[in-house]
Amino acid sequence: MKFNLAALRPLWTGLLVVAALAVTGAAIRPFEEPAWQAVRAQQPALKLDSLQSALGQGITAGLLGGFRAIVADFFWIKTNSVWEDSDLPATQTFIKLVTAIDPRPLYFWQNGSRMIAYDMPNWRIIAAGGYEKTPQAEQRRIDEEQSAVALKYLNEAFGHHPDSPLLYVEIANVYLNRLKDKASAAEAYRKAALLPNAPYYAGRIYPELLRKLGRHAEAYAWLKQLYPTLPKDIDTAKGITEFQVQSAMAPVVLERIRELEKELNIPQIEVFKP
Amino acid sequence: MSTVSTPTSPSSSAVGMRTVPFSPGRLGIVAGNTFLEAVRQKLFNFLLLLAVALVASAQLFREFNFGSSELKFISDFGFGAMVFFGSTLTIAATAQLFFSEIENRTALTILAKPIWRTEFIFGKFLGVFAVVGVFCALTTLLLLALLYNRETALMAADSEAFEHGRIIQYGDLVLLGVLQWLKFGVLAAITLLIASFSNTNLYTVVMGFFVLVICHLQYLARDAYAQVASLPLRLLVRLLGYVFPNFQVFNLADQIGIGAGIDTGVFLRVAGYALIYIAVIGGLAVYSFRNREI
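As given, the protein sequences belong to chains R and X, one line each in that order.
For the first sequence, my numbering assigns the number 7 to the initial residue and increments by one for each residue that follows.
For the second sequence, my numbering assigns the number 301 to the initial residue and increments by one for each residue that follows.
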């Protein structure tokens with residue numbers, strides 16, 4: 007039987023095409039890399055460490071493109087619909103689906119975590135017989151379980167919003183309001199306050215929690231550092247608005263510094279001088 | 301001019317073509333005919349109308365913008381329509397225009413004349429590229445008008461929110477429209493490459509969509525490369541990362557509507573990246589087509 011070389015031509019052509027594409031890809035990489043890094047730096051969704059999450063994002067970005075915003079919005083309406091019915095499995099599924107489709111808006115992460123941490127324990131306790139019939143220990147267990155789910159969900163959000171102080175605030179609120187864990191809440195508020203564009207209240211709540219934990223010296227040191235950074239007067243040239251001045255509440259911070267000085271018996275010569 | 305008797309045999313075609321120089325004029329004629337044929341197609345008009353209607357309706361959907369600002373939502377929605385329908389148009393039109401020549405046997409008539417297969421392939425490419433260019437220009441212009449109109453209305457209603465001027469940088473929208481056009485150019489070249497060895501229109505369209513998805517996920521292969529322990533698998537992943545172009549690099553639309561601008565250096569690099577790929581993949585389509593029996 008004679009070997010027909012011509013029959014191998016399609017295979018040879020295919021291999022040559024793949025090889026040429028691979029060589030081109032390798033040769034063009036140094037040219038493309040700076041642009042890719044610039045694009046990637048502006049899109050947290052493309053920086054995901056989890057391959058599974060990144061794959062989901064790649065597919066939704068590629069197939070839905072800009073439509074992912076509206077698809078996610080429609081699913082958010084659906085989430086609210088099942089939330090009204092206190093349908094726990096459906097609500098939890100839709101919450102995760104919405105942020106899988108479009109993880110960019112912080113709104114979804116914040117409100118989704120609130121549904122998980124604050125509403126779902128209520129539904130579960132009612133389903134278990136109500137607040138009067140369900141033992142306190144069981145209620146506590148439910149709270150802890152739902153808080154753990156919410157905290158895990160919020161930590162996933164950092165993959166998409168690595169520098170968001172509001173996510174730390176949300177975490178702090180879960181620790182404080184659901185788990186009654188002041189130390190963990192204080193730490194989350196501290197992390198929030200240290201980030202750019204953090205709400206001013208994060209920097210005030212952190213030392214208040216430290217005071218409640220009996221860590222007055224730490225609270226005093228923090229407030230002394232905080233006060234000089236706060237805007238005191240409206241300055242249009244520097245872009246300081248009335249809203250910022252009101253939110254910063256510098257007089258309140260100074261008042262707390264004075265309270266702590268009394269509590270810590272700070273000598274007159276060492277008191278904070280604004 | 302009668303030196304080429306039959307181009308179906310690569311060797312005879314190559315011998316014949318040595319006497320006929322490459323002609324940009326003939327290339328232009330093929331491109332012009334492809335363009336005319338494409339705009340006469342119902343598919344082009346249908347997809348263009350759908351895209352325009354969808355971009356225009358972005359204003360109606362703005363009440364749904366839970367997570368992002370209204371202008372960002374309109375911009376996302378508009379570019380979403382452009383990317384979705386543009387990709388569909390590019391793949392479907394390229395495959396259809398190529399296979400209409402093969403199935404109607406007009407390719408035989410054309411290639412029996414002294415015309416290079418390079419002129420045929422790049423003529424087809426330029427025709428489709430022009431059609432997609434018209435599509436991108438129309439949708440970008442419509443999006444520009446919509447955003448400008450809405451931003452002006454919002455500025456009048458809430459001047460404090462716009463104390464630093466307009467949020468949307470309209471020049472960037474045009475640059476994004478150009479980048480999407482170039483991306484569709486790479487996609488058209490890929491579809492032509494698939495069509496050059498494929499036997500059916502359907503296979504080309506399906507493969508075109510698969511490659512579109514793979515090109516959007518190419519960056520994952522680049523990331524996964526460092527995490528794979530097995531050497532053969534690692535090399536395979538690296539090869540995949542090189543073989544397919546990275547379509548996520550064109551994804552700059554996320555920056556529109558949040559006050560961020562597009563860096564000119566990045567734009568030029570991405571545009572250059574697309575042009576290099578169009579030239580290389582187009583060349584490979586010609587090579588593959590030259591080895592094809594028609």
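By construction, the Cβ of each residue, glycine as well, lies at the ideal position given by its N, Cα and C atoms.
With a threshold of 7 angstroms between beta carbons, V339/X makes no contact with chain R.
In this structure, the beta-carbon distance from V505/X to I391/X falls below 7 angstroms.
Residues of chain X whose Cβ lies closer than 7 angstroms to the Cβ of V24/R are, in chain order, V543. About 32 angstroms separates the CB atoms of A395/X and I374/X; that is not less than 8 angstroms, and the two are not in contact.
Here the C-alpha atom of G582/X lies approximately 57 angstroms from the C-alpha atom of D125/R.
Burial is judged here by how many other beta carbons sit within 10 angstroms of a residue's own beta carbon; H464/X has fewer than 16 and is exposed. Runs of alpha helix (DSSP H) with 4 or more residues, each lying fully within the stretch 71-130 of chain R, are found at 73-90, 94-107, 112-120, listed in chain order. Listed as beta-bridge partners of I246/R by DSSP are D241/R.
Contact with chain R is found for F366/X, since one of that chain's Cβ atoms lies less than 7 angstroms from the residue's Cβ. Interface criterion not met: the Cβ of S357/X is under 7 angstroms from no Cβ in chain R. A Cβ-Cβ distance of about 20 angstroms is found for the pair F399/X and G485/X, leaving them out of contact under the 8 angstroms criterion. Apart from the 5 residues on each side of it in sequence, Q145/R sits with its Cβ closer than 8 angstroms to the Cβ of P127, I131, Y137 in its chain, given in chain order. Counting only Cβ-Cβ distances below 8 angstroms, Q396/X has no contacts in chain R at all, with the closest Cβ about 22 angstroms away. DSSP places Y577/X in the uninterrupted alpha helix (DSSP H) bounded by 564-590. With 16 or more other Cβ atoms inside 10 Å of its own Cβ, G378/X counts as buried. Apart from the 5 residues on each side of it in sequence, A134/R sits with its Cβ closer than 6 angstroms to the Cβ of T140 in its chain, given in chain order.
Scanning its chain for C-beta atoms nearer than 7 angstroms, with the 5 sequence neighbours on each side dropped, one finds around L157/R the residues I177, V180, in chain order.
Annotation for R405/X: no alpha helix (DSSP H) segment contains it, and DSSP assigns it neither H nor E. Contact check between the stretch 488-505 of chain X and the stretch 405-415 of chain X: fewer than three CB pairs, one atom from each, fall below 8 angstroms, which does not count as touching. By the Cβ rule, the stretch 539-553 of chain X counts as touching the stretch 26-40 of chain R, because three or more pairs are nearer than 8 angstroms. Straight-line measurement puts the Cα of A457/X at about 42 angstroms from the Cα of V339/X. Neighbours of N499/X in chain R, taken as residues at a C-beta separation under 7 angstroms, are lacking, since the least C-beta distance is about 11 angstroms.
Residue L493/X holds the alpha-carbon nearest to the alpha-carbon of V24/R among L354/X, L476/X, R534/X, L493/X.
In this chain, the alpha helix (DSSP H) harbouring F435/X covers 417-457.
Taking 7 angstroms as the threshold, the shortest C-beta distance from V77/R to chain X does not fall below it. For I272/R, there is no enclosing alpha helix (DSSP H), since its DSSP letter is neither H nor E. Beta-carbon to beta-carbon, F278/R and E267/R are separated by about 7 angstroms, close enough to satisfy the 8 angstroms threshold. Take H222/R, set aside five residues on each side of it, and the residues of its chain with a beta-carbon closer than 8 angstroms to its own are L216, L266, E269, L270, in chain order. Residues of the stretch 558-583 of chain X with a C-beta atom less than 9 angstroms from some C-beta of chain R are A560, D563, G565, V566, F567, L568, R569, V570, G572, Y573, I576, Y577, V580, I581, G583, listed in chain order.
Residues of the stretch 106-117 of chain R with a C-beta atom less than 8 angstroms from some C-beta of chain X are D108, R110, P111, L112, Y113, F114, listed in chain order. Annotation: the continuous alpha helix (DSSP H) that includes A331/X extends over 324-340. At a Cβ-Cβ threshold of 7 angstroms, S588/X and T19/R count as neighbours. Between F373/X and chain R, the shortest Cβ-Cβ separation is below 7 angstroms. Against chain R, the CB of L539/X has a partner CB under 7 angstroms away; the residue lies at that interface.
Nearest to R120/R by alpha-carbon distance, out of D79/R, I101/R, P257/R, K186/R, is I101/R.
Taking 7 angstroms as the cut-off, the beta carbon of L343/X is found no closer than this to the beta carbon of G423/X.
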